[in-house]
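Residue numbering for the sequence shown follows the working numbering, beginning at 65 and increasing consecutively. Working notes for the structure below.
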Amino acid sequence: MLVELTFKAVDHMRHIGKTSSLQGRAGVQCALPGTTDQQHRPGLVGRFALDRRNELVRIGGHLRVFIPGNMNHARRSPHIKGFNFHAHINKDDIVAALEQLPGLLRLQMLHEGGTLIEKKLLSSKSVLPAGQQHQTAAYNCAMSFPAYTRAQALPTTLTQRLVMLDGAMGTMIQRLRLSEAQYRGERFHAFHKDVKGNNELLSLTRPEVIRDIHEGYLAAGADLIETNTFGATTVAQADYDMADLALEMNLQSARLARAACDKFSTADHPRYVAGALGPTPKTASISPDVNDPGARNIDFEQLRSAYYEQVQALVEGGSDVLLVETIFDTLNAKAALFAIDEYFEASGQCLPLLISGTVTDASGRILSGQTVGAFWHSVRHARPLAVGLNCALGAALMRPYIQELHRVVGDEAFISCYPNAGLPNPMSETGFDETPEVTSRLLHEFAAEGLVNIVGGCCGTTPDHIGAIRTAVSPLAPRALRAHAALAAM
Ligand SMILES: [Zn+2]
Numbered sequence: 065m066l067v068e069l070t071f072k073a074v075d076h077m078r079h080i081g082k083t084s085s086l087q088g089r090a091g092v093q094c095a096l097p098g099t100t101d102q103q104h105r106p107g108l109v110g111r112f113a114l115d116r117r118n119e120l121v122r123i124g125g126h127l128r129v130f131i132p133g134n135m136n137h138a139r140r141s142p143h144i145k146g147f148n149f150h151a152h153i154n155k156d157d158i159v160a161a162l163e164q165l166p167g168l169l170r171l172q173m174l175h176e177g178g179t180l181i182e183k184k185l186l187s188s189k190s191v192l193p194a195g196q197q198h199q200t201a202a203y204n205c206a207m208s209f210p211a212y213t214r215a216q217a218l219p220t221t222l223t224q225r226l227v228m229l230d231g232a233m234g235t236m237i238q239r240l241r242l243s244e245a246q247y248r249g250e251r252f253h254a255f256h257k258d259v260k261g262n263n264e265l266l267s268l269t270r271p272e273v274i275r276d277i278h279e280g281y282l283a284a285g286a287d288l289i290e291t292n293t294f295g296a297t298t299v300a301q302a303d304y305d306m307a308d309l310a311l312e313m314n315l316q317s318a319r320l321a322r323a324a325c326d327k328f329s330t331a332d333h334p335r336y337v338a339g340a341l342g343p344t345p346k347t348a349s350i351s352p353d354v355n356d357p358g359a360r361n362i363d364f365e366q367l368r369s370a371y372y373e374q375v376q377a378l379v380e381g382g383s384d385v386l387l388v389e390t391i392f393d394t395l396n397a398k399a400a401l402f403a404i405d406e407y408f409e410a411s412g413q414c415l416p417l418l419i420s421g422t423v424t425d426a427s428g429r430i431l432s433g434q435t436v437g438a439f440w441h442s443v444r445h446a447r448p449l450a451v452g453l454n455c456a457l458g459a460a461l462m463r464p465y466i467q468e469l470h471r472v473v474g475d476e477a478f479i480s481c482y483p484n485a486g487l488p489n490p491m492s493e494t495g496f497d498e499t500p501e502v503t504s505r506l507l508h509e510f511a512a513e514g515l516v517n518i519v520g521g522c523c524g525t526t527p528d529h530i531g532a533i534r535t536a537v538s539p540l541a542p543r544a545l546r547a548h549a550a551l552a553a554m
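The structure is reproduced here in structure tokens:
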């Protein structure tokens, strides 16, 4: 039998946290308040009930409770009043015991013997005050996002039309063929190491270059523009001996994008700054040494602290949403998501989150080995507003993976797709072959299939690509999300 238990989010979790007997006896591994690494952690809680002294005790058997991975958001979002657990239990007698649980608001049976039985609302000791709507953040619930502190209109816009992301920053910079001296500017003219190619430095030394690129994409119709911060972490900047400038790069880059968006925003067409977090050149789950599979040149904590600094500066500089992109190692991405969560917790901010992975070859896996479906299940605890794929293969080869994502994500998030302009070609001016006509035709096909909500371009795309994509997809409806109940997903 499968039951759904709806608890008051905060009180109940606190209670479980305090009930050491429960942990001790059942070996519980549940998500406690303050525990942030909760993803996919089923808690074997044991069957439990209140005893005569009003203490929660395990009464034998087994009750498998899947702790939702978004407990933090529940605690952070005062509008969420309840939390759902789906519990597989064996015998009917547990139901009476479960009704006694502290914080239990509602208990309903979903399945018995594998078949869905009629939803049954059982009597419960605690009920919601009159007039109060029961809101839940269930693991399998459709479209339940946190209460955002910025870009609050964006989720609604995503249900109404396709939203345009900008194209490549790096490609536009590359086309300018800036010299070493131009990268350095006055401020770094005597710097001890070459900095040509350090694109994030340009936010400090050539802000007008970055501004013009942003404005080019905004003029082409981009709703979201990415900050020039793909490599602005202490980890990536260490390659240039500029780790100590990472914070400033993020702050200035966010401000540049903010100013450009504010210049183009109208009441009818708001523009959003997407604070961009890249993967860094190091990978936490793959060995850099073929003779030592256990070797690593970075660990989770180093990444987490680098990302925390980046997130803080991006948000303080005026980002509306955060975009963790070009993910080739899910562990790196999880360090970024962890840092974002920590920062939200500390600051009280809560920005929409966009997460974008990169399928690097025809195996359909990201570099750290996950299929697209596995990737989604590794990041869904972060409750992104949108999840998607970018870079790498180009749109044509990306199709099966976008289709897979569309299937596995269901109604839990919107889907984004911003491919490269085809496969790399060193002989081409932008490094990529696809013209705006080709890329826009491919993305038009994705949109016509109902696969995408956010589209744009990655390496090799230009404002002309973005303009063409916008023209191609704007008559089409965005990927539809059915507002289905948690029940339908079981
Ligand atoms: Zn790319």
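Ideal Cβ positions, reconstructed from N, Cα and C, are used throughout, including at glycine.
Fill in: Rounded Cβ spacing between L341 and L386 (contact assumed at less than 8 Å)
7 Å
Worksheet item: Going by DSSP, which residues form a beta bridge with N292?
Response: Answer is none; N292 lacks a bridge partner.
Worksheet item: Does the count of Cβ pairs from the stretch 488–505 and the stretch 469–480 closer than 8 Å reach three?
Response: Touching, no.
Worksheet entry | Residue from L367, D332 and G339 whose Cα sits closest to the Cα of S349 | L367
Fill in: Residue from Y482, D305, E279 and S317 with nearest C-alpha to T269
S317
Worksheet item: What's the C-alpha gap between L240 and L266?
Response: 12 Å
Worksheet entry | Spatial neighbours of T424 in its chain, beta-carbon cut-off 7 Å, leaving aside the 5 residues before and after | Result list for T424: F392, I430, L431 and A456, in chain order.
Worksheet item: Considering V354, what are the terminal residues of the beta strand (DSSP E) in which it resides?
Response: Counting along the chain, V354 falls outside any beta strand (DSSP E), and DSSP gives it neither H nor E.
Item to complete: Starting from the Cα of H529, find the closest Cα among L506, F294, L545 and F439 and give me that residue.
Response: Of the candidates L506, F294, L545 and F439, L506 places its Cα closest to the Cα of H529.
Discussion item. Please report the distance separating the alpha-carbon of L222 from that of Y281.
Written reply: 19 Å
Discussion item. Can you find the residues in the same chain that come closer than 6 Å, C-beta to C-beta, to R534, ignoring five residues on each side of it along the sequence?
Written reply: Excluding positions up to five away in sequence, the list reads M228 and G285.
Worksheet item: Is the stretch 297–314 in contact with the stretch 368–380, if contact means three or more CB pairs nearer than 8 Å?
Response: yes
Discussion item. What ranges does the alpha helix (DSSP H) occupy inside the stretch 373–446, keeping only unbroken runs of at least 4 residues that lie completely in it?
Written reply: 394–411 and 436–443, all fully within the stretch 373–446.
Discussion item. Taking 7 Å as the limit, name every residue whose beta carbon sits nearer than that to some heavy atom of ligand 1, in sequence order.
Written reply: A232, T390, N454, C455, A456, N484, C522 and C523
Worksheet item: CB-CB under 6 Å to R322, same chain, minus the five flanking residues each way: which ones, in chain order?
Response: V337 and G382
Worksheet item: For H126, which residues from the same chain have a beta carbon less than 6 Å from its beta carbon, with the 5 sequence-adjacent residues on both sides left out?
Response: Bear in mind that the predicted position of H126 carries a pLDDT of just 30, short of 50, making it unreliable; the figure below should be weighed with that in mind. Excluding sequence neighbours, H126 sits near nothing in its chain.
Worksheet item: Relative to the alpha-carbon of G428, which residue among I419, F439 and L418 has its alpha-carbon at the smallest distance?
Response: F439
Worksheet item: Could you give the distance in angstroms between the alpha-carbon of K346 and the alpha-carbon of D305?
Response: 15 Å
Fill in: Cβ pair count under 8 Å reaching 3, the stretch 448–465 against the stretch 403–422
yes
Worksheet entry | Cβ shell of L540 (< 8 Å), same chain only, five flanking positions each side left out | Excluding sequence neighbours, L540 sits near L226, H508, A511 and A512.
Discussion item. Please list the terminal residues of the continuous alpha helix (DSSP H) segment that includes C325.
Written reply: From DSSP, the alpha helix (DSSP H) with C325 extends over A310 to F328.
Worksheet item: When the Cα of S420 is compared with those of N454, G249 and E409, which residue comes out closest?
Response: N454
Fill in: CB of R360 within 8 Å of CB of S351, strictly
yes
Worksheet item: Roughly how many angstroms separate the alpha carbons of M313 and Q301, rounded to a whole number?
Response: 10 Å
Fill in: P527 and G231 closer than 8 Å at C-beta
Yes, the pair counts as a contact, with Cβ atoms nearer than the cut-off.
Discussion item. Could you tell me the alpha carbon to alpha carbon distance between A459 and A254, rounded to whole angstroms?
Written reply: 43 Å
Worksheet item: By DSSP, does Y482 sit in helix, in strand, or in coil?
Response: strand
Worksheet entry | K327 classed as buried or exposed, judged by whether at least 16 other C-beta atoms fall within 10 angstroms | exposed
Worksheet item: Rounded to the nearest angstrom, how far is the Cβ of T344 from that of N396, given a contact under 8 Å?
Response: Between N396 and T344 the Cβ distance is about 6 Å, and since that is below 8 Å, they are a contact.
Fill in: L515 versus G433 - alpha carbon distance
Straight-line Cα distance between these residues: approximately 24 Å.
Discussion item. For L315 and E380, which I take to be in contact (beta-carbon distance under 8 Å), what is that distance rounded to the nearest angstrom?
Written reply: Contact flag correct, Cβ pair sits at about 6 Å.
Fill in: N136 to D303 span [Cα, whole Å]
Any reading at N136 must be qualified, since the residue scores a pLDDT of 42, below 50, and its modelled position is unreliable; the value itself is stated next. Separation of N136 and D303 (C-alpha to C-alpha, rounded to the nearest whole angstrom) is 35 Å.
Worksheet item: In angstroms, rounded to a whole number, what distance separates the CA positions of V502 and Q224?
Response: Answer to the nearest angstrom: the Cα atoms are 26 Å apart.
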